[in-house]
Amino acid sequence: MAKAKAQKGSGGAGQNHIRARISFLYKASTYLQSASVSKPLTTNSNRNSQSQEQCAELPPPQSPLNKTNNNHITISTTNDTEQVSKAQDPQHLVPVSNFSRQFASQMRGVSLKSQLRLPRDIKRSICKRCDSLLIPNATCVETIENASRGGSEKKPWADVRVVRCNSCGNLKRYPLAAKRGVRLAERKRRAKERGDAIAATDATITDVAAAAVDVDVATQPAVGLPVVGGAP
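Residue numbering for the sequence shown is 1 to 232, as defined by UniProt numbering.
1) Please give the ranges of any beta strand (DSSP E) in the segment 128-163, keeping only runs that are unbroken, at least 3 residues long and fully inside the region.
2) Taking DSSP as the reference, what is the three-state secondary structure of residue 32?
3) What separation, rounded to the nearest whole angstrom, lies between the Cα atoms of residue 157 and residue 136?
4) For the putative contact between residue 140 and residue 168, defined by C-beta atoms under 8 Å, what is the C-beta separation to the nearest angstrom?
5) Which word fits residue 103, buried or exposed, when buried means at least 16 other C-beta atoms lie within 10 angstroms of its C-beta?
6) Between which two residues does the alpha helix (DSSP H) containing residue 112 stretch?
7) Would you check if the segment 196-209 and the segment 161-175 touch, i.e. whether three or more CB-CB distances between them fall below 8 Å?
8) Mind checking who residue 126 pairs with in its DSSP beta bridge?
9) What residue from 195, 197, 25 has the CA that sits closest to residue 109's CA?
10) Identify which residue in 130, 186, 23, 113 has its Cα closest to the Cα of residue 101.
11) Tell me the DSSP secondary structure of residue 118 in three-state form.
12) Excluding five sequence neighbours on each side, which residues of the same chain lie with their C-beta closer than 6 Å to the C-beta of residue 89?
13) Measuring straight from C-alpha to C-alpha, what distance separates residue 244 and residue 207?
14) Measure the CB-CB distance between residue 116 and residue 19 and report whether it falls below 8 Å.
15) Quick one: is residue 165 near chain D, going by C-beta distance under 8 Å?
16) Am I right that residue 29 and residue 133 are in contact with their C-beta atoms under 8 Å? What's the rounded C-beta distance?
17) Could you work out which residue in 14, 95, 106, 16 is closest to residue 27 when comparing CA atoms only?
18) So which of 143, 95, 114, 96 has the shortest CA-CA distance to residue 172?
19) Count the other CB atoms within 10 Å of the CB of residue 97; is the residue buried (16 or more) or exposed (fewer)?
20) How close, in whole Å, do the beta carbons of residue 36 and residue 95 come, if the pair is a contact with beta carbons under 8 Å?
21) Taking 6 Å as the limit between beta carbons, can you name the residues of its chain near residue 149, skipping five residues before and five after?
22) Within 10 angstroms of the Cβ of residue 211, are there 16 or more other Cβ atoms? Answer buried if so, exposed if not.
23) How far does the beta strand (DSSP E) with residue 173 in it extend, from its first residue to its last?
24) Report all residues from its chain with a CB closer than 7 Å to the CB of residue 21; omit the five preceding and five following residues, and keep chain order.
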């Protein structure tokens, strides 16, 4: 006798270990990248403190140096502020951790092999080209663009969020006001429900029509035919 086919279940309980592995890899990648982000800030603070100590230890300026013009003073102060702003810009100071990239690549491979969909937030937080973790104002730059005529003032629904990776320069665009498309399974389910409803209405219409015909036949009077060659 042929073996009975096993019933197909949901399969969710058998993939818990895969989900746990994906979650662990993402947390590890996030932790390593956050550690690399915090390091440049500490080094910059140490450098600033050392420079302040060195400036405090310097002797007071001599009299000829004090006789400078105000123009030179303003130019030097503006240049210093520009240098400080450039130094504080995180785009040039935050490196990308190679271990973080490796864990993100492993997470993507596990999800592809196991055919498990990654959540939207996790999927969009990783660069598709270099597998680096995208942190706003640290490893990536986020801007809002609107290429339509009139811009955001006339067509705010056409705004697009653009994410540019600082390590590889890859650009990703995400519409802000667009509605999310319905998945194929949901579309099939709705079409099936619509078809079942149409079939049910058709069946009721045919039943009502058949019942009406039966009622008409029953209410019609019987028409008698003349008898030929009857008994006297």
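The C-beta atom is built at its ideal place from N, Cα and C for all residues, glycine as well. Bear in mind the structure is a predicted one, so any value in this text is a computation, not a measurement.
Walking through what the data contain:
1) Those beta strand (DSSP E) runs which fall completely within the segment 128-163 and span 3+ residues are 140-145.
2) By 1-based counting over the sequence shown, the position of residue 32 is 32. Helix.
3) Stepping through the sequence shown from its first residue, residue 157 is reached at position 157. Stepping through the sequence shown from its first residue, residue 136 is reached at position 136. Their backbone Cα atoms lie some 23 Å apart in a straight line.
4) The residue labelled residue 140 in the question sits at position 140 within the sequence shown. The residue labelled residue 168 in the question sits at position 168 within the sequence shown. In fact, because the Cβ distance is near 10 Å, the residues do not count as touching under 8 Å.
5) As a first step, residue 103 is located in the sequence shown; it is residue number 103 there, counting from the start. The residue is buried, with at least 16 neighbouring Cβ atoms inside 10 Å.
6) Here residue 112 refers to the residue found at position 112 of the sequence shown. Residues 98-114.
7) Judged by Cβ distances under 8 Å, the segment 161-175 makes no contact with the segment 196-209, as fewer than three pairs qualify.
8) Working through the sequence shown from its first residue, we reach residue 126 at position 126. DSSP links residue 126 through a beta bridge to 133.
9) Here the question's residue 109 lines up with position 109 in the sequence shown. Checking every option, the nearest Cα to that of residue 109 belongs to 25.
10) If you number the sequence shown from 1, residue 101 lands on position 101. Closest option to residue 101, judged by alpha-carbon separation, among 130, 186, 23, 113: 130.
11) Taking the first residue of the sequence shown as position 1, residue 118 is located at position 118. It is coil, neither helix nor strand.
12) Translated into the one-based positions of the sequence shown, residue 89 becomes position 89. Because the pLDDT at residue 89 is just 44, under 50, the model does not fix this residue reliably, and the value given afterwards should be weighed accordingly. If we look at residue 89 and ignore the five residues flanking it on each side, it has no Cβ neighbours.
13) Not covered by the structure: residue 244. The range shown for the chain is 1 to 232.
14) Locating residue 116 in the sequence shown gives position 116, where the first residue counts as 1. Locating residue 19 in the sequence shown gives position 19, where the first residue counts as 1. Yes, the Cβ-Cβ distance between residue 116 and residue 19 is below 8 Å.
15) Given the protein chain composition of this structure (a single chain), no chain D is represented.
16) Taking the first residue of the sequence shown as position 1, residue 29 is located at position 29. Taking the first residue of the sequence shown as position 1, residue 133 is located at position 133. Beta-carbon to beta-carbon, residue 29 and residue 133 are separated by about 6 Å, close enough to satisfy the 8 Å threshold.
17) Translated into positions along the sequence shown, residue 27 becomes position 27. Scanning 14, 95, 106, 16 for the CA closest to the CA of residue 27 turns up 106.
18) Here residue 172 corresponds to residue number 172 of the sequence shown, with the count starting at 1. Measuring from the Cα of residue 172, the nearest candidate turns out to be 143.
19) Taking the first residue of the sequence shown as 1, we reach residue 97 at position 97. Under a 10 Å Cβ-count criterion, residue 97 is classified as buried, with 16 or more other Cβ atoms of the shown protein chains found around its own Cβ.
20) One-based indexing of the sequence shown puts residue 36 at position 36. One-based indexing of the sequence shown puts residue 95 at position 95. Yes, they are in contact, since the Cβ atoms of residue 36 and residue 95 sit about 6 Å apart, within 8 Å.
21) Here residue 149 refers to the residue found at position 149 of the sequence shown. No residues qualify anywhere along the chain.
22) The residue given as residue 211 occupies position 211 in the sequence shown. With fewer than 16 other Cβ atoms from the protein chains shown falling within 10 Å of its own Cβ, residue 211 counts as exposed.
23) The residue labelled residue 173 in the question sits at position 173 within the sequence shown. Here the beta strand (DSSP E) through residue 173 covers 171-175.
24) Residue mapping note: residue 21 aligns to position 21 of the sequence shown, counting from 1. Within the same chain, residue 21 has close Cβ partners 110.
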